[in-house]
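In what follows, a structure is listed as structure tokens, so that the remarks can point back to it.
Numbering (my numbering), first residue to last: 3 to 334.
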């Protein structure tokens with residue numbers, strides 16, 4: 003599409019240059035003008051400015067000027083039309099796309115709202131999209147919004163601390179909000195606003211400063227992550243436990259058989275409720291490994307095979323994505 007627009011603009015420009023060249027050549031041949039005087043006459047004729055002629059024209063020169071004037075008007079209109087079409091089509095397509103995304107956003111439910119599409123936010127959005135989650139993005143920078151709009155990602159241009167902007171993501175129906183804004187003050191205000199609009203929403207916040215974690219939690223964040231601390235820990239583990247970090251990278255981020263760590267909520271009506279891990283035989287049936295079992299505030303790591311699964315428990319399981327999907331369907 004962009005190449006077609008470029009070709010149309012290039013074609014119209016070449017046509018305009020051909021008219022200027024033809025007019026210049028015509029005046030040189032008919033009136034014997036110098037090339038510069040002929041170009042001047044061509045320019046004032048094509049643009050219909052009508053300045054004083056270089057010298058009185060002959061009958062043939064006047065006839066040539068009339069033809070050149072009509073051709074010039076057509077060329078100018080043609081060039082202007084191609085430039086306007088290229089600009090308007092792009093803007094119109096983007097405007098229609100934004101309106102369509104806003105309509106779709108109103109229908110979103112149990113989605114994830116990502117506030118901020120900088121380096122951290124863009125990485126979050128990429129992973130969530132790759133995993134197939136429904137998302138809505140809030141970003142103030144127009145340059146960061148355009149790639150998302152072109153790819154059809156629901157995005158709202160504006161400040162996440164503005165109630166109207168945050169509400170337009172249908173946050174009242176959202177499951178989670180992730181705040182990746184550039185400073186802790188804006189993250190705190192966004193969390194407070196999100197809690198007001200949706201008291202039950204799960205809030206995950208990025209901490210910019212090391213000592214901001216407590217303030218973000220007081221504002222209502224369920225989890226606070228400091229990317230610098232996590233990055234430092236990852237670098238250290240790469241040095242002291244390279245095999246472990248290689249396994250994580252290849253299995254969860256780059257392997258053909260993509261693994262996932264999932265939280266599987268056991269409903270009271272689930273077929274697994276009331277059974278032990280051995281009785282449910284989750285490893286053989288689904289091909290997953292239960293790493294931990296969370297019951298209320300208690301977390302049991304590497305639970306025994308005779309540990310009973312109760313309604314409301316959360317299983318932390320590791321396995322291929324296909325296996326995780328199977329067990330999630332089973333517990334529902």
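We put the beta carbon where it would ideally sit given N, CA and C, even for glycine.
key: Which of helix, strand or coil DSSP assigns to residue 305   = coil
request  = Starting from residue 189, follow the alpha helix (DSSP H) in both directions and report where the run begins and ends.
outcome  = 186 to 199
message = Considering only DSSP beta bridges, list what residue 296 is partnered with.
response = 301 and 316
ask   = Taking Cβ to Cβ, would you say residue 293 is nearer than 8 Å to residue 304?
value = yes
key: Which of helix, strand or coil DSSP assigns to residue 208   = strand
key: Straight-line Cα distance separating residue 267 from residue 238   = 33 Å
task = Could you check the C-alpha separation between residue 34 and residue 67 for me, to the nearest Å?
result = 14 Å
key: Neighbourhood of residue 265 by C-beta, 7 Å cutoff - its chain only, sequence neighbours within 5 removed   = 316 and 318
ask   = Which residues bound the alpha helix (DSSP H) around residue 2?
value = A query on residue 2 cannot be resolved here, the shown segment of the chain reaching from 3 to 334 and no further.
key: Pairwise C-alpha distance: residue 211 and residue 325   = 39 Å
request  = Report buried or exposed for residue 65, applying the criterion of at least 16 other Cβ atoms within 10 angstroms of its Cβ.
outcome  = exposed
request  = Would you identify the three-state DSSP class for residue 144, choosing helix, strand or coil?
outcome  = helix
ask   = Are residue 171 and residue 191 touching if we call contact CB-CB under 8 Å?
value = no
ask   = Going by other Cβ atoms of all chains shown within 10 Å of its Cβ, with 16 needed for buried, is residue 241 buried or exposed?
value = exposed
query = Under the three-state reduction of DSSP, which class applies to residue 248: helix, strand or coil?
reply = helix
query = For residue 177, which option in 112, 232, 213 and 183 has the closest C-alpha, if you only look at C-alpha atoms?
reply = 112
key: Span of the beta strand (DSSP E), counted from its first residue to its last, around residue 264   = 261 to 267
key: Euclidean distance between Cα positions of residue 72 and residue 48   = 8 Å
key: Where residue 308 falls, given that 16 or more other Cβ within 10 Å makes a residue buried   = exposed
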